[in-house]
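Chemist: Numbering-wise, our numbering puts 914 at position 31 of the sequence shown, and it's gapless, one number per residue. In this text, a Cβ means the ideal position worked out from N, Cα and C, and glycines have one as well.
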Amino acid sequence: MLAQKQLITDIHQDAEWQYLVGETLIGERMIVQALAKIVRDKSLPSDLLALLEEQLDEEAYHLNEYSRVLGSKSIQGSGYDLDLHHFVDSLPNNTLKLYALQGLLEGISLGALKHRIDHWQDASSFELDKEVYEDEKKHVSLSFDYFDQLIHQEGQFKLDSFNNITLQVKKIFNKAFNADTISRVIKKMTGVAVNAKKIESNTAMHEFQKLSRQEIIENRDKFLGHYYKNA
Ligand SMILES: [Fe+2]
Ligand SMILES: [Fe+2]
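1. DSSP three-state call for T892: helix, strand or coil?
2. Would the beta-carbon of S1008 fall within 9 Å of that of R999?
3. Give me the Cα-Cα distance between S992 and K1020, rounded to the nearest whole angstrom.
4. Would you check whether ligand 2 has a heavy atom nearer than 8 Å to the C-beta of I914?
5. Pull up the distance between the alpha-carbon of I921 and that of Q1036, whole angstroms please.
6. In angstroms, rounded to a whole number, what distance separates the CA positions of P928 and Y1029?
7. Taking only runs that begin and end inside the region 999 to 1029, name each unbroken alpha helix (DSSP H) of 4 or more residues, in chain order.
8. Pick helix, strand or coil for A1087, following the three-state DSSP scheme.
9. Is the distance from the Cβ of L890 to the Cβ of N1085 below 9 Å?
10. Are there any heavy atoms of ligand 2 lying less than 8 Å away from the beta-carbon of Q938, as far as the coordinates show?
11. Is it right to say G930 is buried, meaning 16 or more other beta carbons lie within 10 angstroms of its own, or is it exposed?
12. Would the C-beta of S1026 count as close to ligand 1, meaning under 8 Å from any of its heavy atoms?
13. For ligand 2, I want to know if E1098 counts as a neighbour, meaning its beta carbon is within less than 8 Å of at least one of the ligand's heavy atoms.
14. Quick one: is the Cβ of H1002 within less than 8 Å of any heavy atom of ligand 2?
15. Could you have a look at V1075 and say whether DSSP puts it in helix, strand or coil?
16. Let me know the secondary structure DSSP gives I958 once reduced to three states.
17. Which same chain residues end up closer than 8 Å to D966 when comparing Cβ atoms and leaving out the 5 residues on each side of it in sequence?
18. Which value, in whole angstroms, describes the spacing of the CA atoms of M884 and H1002?
Written as structure tokens, this is what we have:
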């Protein structure tokens, strides 16, 4: 297994892979749980409900496949999944929940997947990452044709409502993926004390963060662009 650019240089590259894929698995599990709750709401437009059930199947497949690839190497992550699940649960309607899951979380996953597709081509997760990347891309636009029906059912939300969610999700991710938290998770995982300052100043990490931001912004804008166009 060979990473072209390591984000955490104090650990073996296998441990970095384990950390990255482990956090992906945790994200998939969170999405499965949150989406399962949404599809229980049978008042959703029936065609959309069918698509969301399909998405749920795909997320469950991702979860199973990442569990298989990681095997006994699954990790105890930063806990961002609990914060996110709690936050999505607290949102008052399906429109805003779908924004959090499809408009934001998919973009966050896509950033991490893109990084691995670019830099972890020899890893055992490579083929799966490529497949999952395509699925997540599709999930971003899954609800686009149903925005008019959602607006009819739940009302049209102002951009402020979406922006507040963006801000909250960003806070959860900044808490989970800053250098201090990363080094704490790595310490628990490997026993190795990694220098947080070194993670922070690593240019590969800066590139990764830039790539993530691009994916998040691109997909969020696509989601909101469709929401307001159909209004
Ligand atoms: Fe997924
Ligand atoms: Fe997805």
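Modeler: According to the structure data:
1. Residue mapping note: residue 892 aligns to position 9 of the sequence shown, counting from 1. The answer is coil: DSSP assigns T892 none of H, G, I, E or B.
2. Counting from 1 along the sequence shown, the entry for residue 1008 is found at position 125. Counting from 1 along the sequence shown, the entry for residue 999 is found at position 116. Yes, Cβ-Cβ distance for S1008 and R999 is below 9 Å.
3. Here residue 992 corresponds to residue number 109 of the sequence shown, with the count starting at 1. Here residue 1020 corresponds to residue number 137 of the sequence shown, with the count starting at 1. When rounded, the distance between both Cα atoms is 10 Å.
4. Here residue 914 refers to the residue found at position 31 when the sequence shown is read from its first residue. For ligand 2, at least one heavy atom lies less than 8 Å from the Cβ of I914.
5. The residue given as residue 921 occupies position 38 in the sequence shown. The residue given as residue 1036 occupies position 153 in the sequence shown. Looking at the two C-alpha atoms, the distance is approximately 15 Å.
6. For this step, residue 928 is matched to residue 45 along the sequence shown. For this step, residue 1029 is matched to residue 146 along the sequence shown. Straight through space, the alpha carbons of Y1029 and P928 are spaced by roughly 8 Å.
7. Correct list: 1009 to 1023.
8. Taking the first residue of the sequence shown as position 1, residue 1087 is located at position 204. A1087: helix per DSSP, three-state reduction.
9. As a first step, residue 890 must be located in the sequence shown, where it is residue number 7. As a first step, residue 1085 must be located in the sequence shown, where it is residue number 202. Cβ atoms of L890 and N1085: closer than 9 Å.
10. For the purposes of this step, residue 938 is taken as residue 55 along the sequence shown, with counting starting at 1. Of the heavy atoms belonging to ligand 2, at least one sits nearer than 8 Å to the Cβ of Q938.
11. To locate residue 930, count along the sequence shown from 1; it is residue 47. The sequence shown places Asp at residue 930, rather than the Gly named in the question. Answer is exposed; the Cβ neighbour count stays below 16.
12. Along the sequence shown, read from residue 1 onward, the residue named residue 1026 stands at position 143. No - ligand 1 has no heavy atom lying nearer than 8 Å to the Cβ of S1026.
13. Position 215 of the sequence shown, counting from 1, holds the residue named residue 1098. The beta carbon of E1098 sits no closer than 8 Å to any heavy atom of ligand 2.
14. Position 119 of the sequence shown, counted from the first residue, corresponds to residue 1002. Because no heavy atom of ligand 2 lies under 8 Å away, the Cβ of H1002 does not count as near it: no.
15. Working through the sequence shown from its first residue, we reach residue 1075 at position 192. Correct three-state label for V1075: coil.
16. As a working note, residue 958 is residue 75 in the sequence shown. Secondary structure of I958 (DSSP, three-state): coil.
17. Taking the first residue of the sequence shown as position 1, residue 966 is located at position 83. The residues are I1055, K1058, A1059.
18. As a first step, residue 884 must be located in the sequence shown, where it is residue number 1. As a first step, residue 1002 must be located in the sequence shown, where it is residue number 119. Only weak support is given to the placement of M884: the predicted model assigns it a pLDDT of 47, under 50, and the value that follows is read from those uncertain coordinates. If you draw a straight line from the Cα of M884 to the Cα of H1002, it comes to about 11 Å.
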